[in-house]
Amino acid sequence: MKAFIRNFAVVTTFFLLLTGCGGEGESSSAGAGNSAALESVTFRLAWVHDMAEVGIFVAKEQGYFEKEGLDVTIEPGGFGLDPIKLVATGTNDYGIGGAGNLLLARAQGVPLLAIGAEFQNTPVGFVTLKDSGITSFRDFKGKRVGIQTGADTDVLYRALLAKNTMTSEDVKEVPIQYDMGPFVNGGIDVLPAYVTNQPITLQSKGFETNVITAASQGLNYYGNVFFTTEKTVKENPEQAARFMRAVRSGWKHALANKADAIAALRKYTQEFDPKDLEQIYDAVMPFIKPDESGVPLLGMTLARWENTAEVIRDAGLLKGPLDPATAFTDEFVR
1 MKAFIRNFAV VTTFFLLLTG CGGEGESSSA GAGNSAALES VTFRLAWVHD
51 MAEVGIFVAK EQGYFEKEGL DVTIEPGGFG LDPIKLVATG TNDYGIGGAG
101 NLLLARAQGV PLLAIGAEFQ NTPVGFVTLK DSGITSFRDF KGKRVGIQTG
151 ADTDVLYRAL LAKNTMTSED VKEVPIQYDM GPFVNGGIDV LPAYVTNQPI
201 TLQSKGFETN VITAASQGLN YYGNVFFTTE KTVKENPEQA ARFMRAVRSG
251 WKHALANKAD AIAALRKYTQ EFDPKDLEQI YDAVMPFIKP DESGVPLLGM
301 TLARWENTAE VIRDAGLLKG PLDPATAFTD EFVR
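Count the sequence shown with the UniProt record's numbering and you get residues 1 to 334, in order.
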């Protein structure tokens, strides 16, 4: 480019033409022009951007998707943005959501397959104020409990009702969305939460809390799992393999590089107080690491899927036959 500039007076017209071409070349080197050579796919989060999915953000920011030939668009989930429905209908190519929700969808004939387990154990729990006296699920009787209908917190809540021989009539259910306002403002006594997130944020705001995990109440199964359609697995397994390789690379990097993980998340959201992010990171990572011998990062086992199915069946949520072995494939995470 400098050579052209030095000869500008001689080759003005030619230079102008090359300037146009040169602009495209710079765009390509930055990744934008290269996008035509990459395969575009979309990924739907279970919720808003947070540390729970930071491996995805790291995979994007560190170029792992691009190395696999993929241009991945990451889209937020939330109420009205159910990743299971959006992937099943073809709006998105891949998604992430609760393992129990995936089984319930398959029981209704939705042809989705889990292709990797992000959370090896569910981080779902319930938060109460320290002085409330609510320290176990049975203490929920007569209390105002926040309900996030359709979320994985709701599935675990229903399962725990059944496990404790309780019904929804034993509590005062209050529909809420993904925010702590009703809890902070005194509208509810029990906040459904990811124990990797909200308790830390509440503590930083001066609230002393009790944290009741699903695992402490006897329920322990997969949390969020990655999924796509059966059609994608059958007709485009090579793409699914590349997608999951990049995701695993992102999580490996996140596990080994706290600063990079936090920086990647902050590029997507400013919702969190920076001083809380290190604690949130430390809380999330143990749920990502495999807790069973021989299980690789993001790996899955039939035994854990069978346990997941048993939990939601005992809760009365899963009706009719369902073989958990048909709900997942580990071919992309071995």
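Just so you know, even glycine gets a beta-carbon here, dropped at the ideal spot from N, CA and C. Remember, predicted model here, so these are calculated numbers, not experimental data.
C-beta atoms of residue i and residue j nearer than 8 Å
{"i": "Ile188", "j": "Val145", "result": "yes"}
{"i": "Leu103", "j": "Ala309", "result": "yes"}
{"i": "Leu202", "j": "Met180", "result": "yes"}
Three-state class that DSSP yields for residue i in the structure shown
{"i": "Thr329", "result": "coil"}
{"i": "Ile115", "result": "strand"}
{"i": "Asn210", "result": "strand"}
{"i": "Ile312", "result": "helix"}
{"i": "Tyr222", "result": "coil"}
{"i": "Pro123", "result": "coil"}
{"i": "Asn164", "result": "coil"}
{"i": "Phe79", "result": "coil"}
{"i": "Phe243", "result": "helix"}
{"i": "Glu24", "result": "With a pLDDT of 32 at Glu24, under the threshold of 50, the modelled position of that residue is not reliable, and no figure is offered here."}
Own chain partners of residue i with C-beta closer than 7 Å, once the 5 adjacent residues on each side are dropped
{"i": "Thr329", "result": "Leu113, Ile115, Val233"}
{"i": "Gly125", "result": "Ala193, Val195, Val211, Ile212, Thr213, Ala214"}
{"i": "Gly150", "result": "Asp82"}
Cβ neighbour criterion (16 or more within 10 Å) applied to residue i
{"i": "Ala37", "result": "exposed"}
{"i": "Gly77", "result": "buried"}
{"i": "Ser249", "result": "buried"}
{"i": "Asn101", "result": "buried"}
{"i": "Asp154", "result": "buried"}
{"i": "Glu118", "result": "buried"}
Identity of the residue in the options nearest residue i by Cα
{"i": "Ile75", "options": "Pro286, Leu277, His49, Asp152", "result": "A quick correction: the sequence has Glu, not Ile, at residue 75. If we check each option's Cα against that of Glu75, His49 comes out closest."}
{"i": "Gly80", "options": "Ile262, Gln148, Gly186", "result": "Gln148"}
{"i": "Tyr194", "options": "Ser40, Val41, Glu53, Arg44", "result": "Glu53"}
{"i": "Gly55", "options": "Pro296, Gly109, Tyr281", "result": "Tyr281"}
{"i": "Ala46", "options": "Asn164, Gly223, Lys130, Glu61", "result": "Gly223"}
{"i": "Ser204", "options": "Asp276, Arg138, Arg242", "result": "Asp276"}
{"i": "Tyr268", "options": "Pro286, Gly133, Glu61, Val333", "result": "Glu61"}
{"i": "Ala107", "options": "Leu298, Leu318, Asp273, Gly97", "result": "Leu318"}
{"i": "Val72", "options": "Met51, Ser40, Asn92, Gly97", "result": "Ser40"}
{"i": "Thr326", "options": "Asp131, Glu306, Phe332, Ile200", "result": "Glu306"}
Cut-off 8 Å between Cβ atoms - residues of its own chain near residue i, not counting five sequence neighbours on either side
{"i": "Glu278", "result": "Lys258, Ile262"}
{"i": "Ala162", "result": "Asp314, Ala315, Gly316"}
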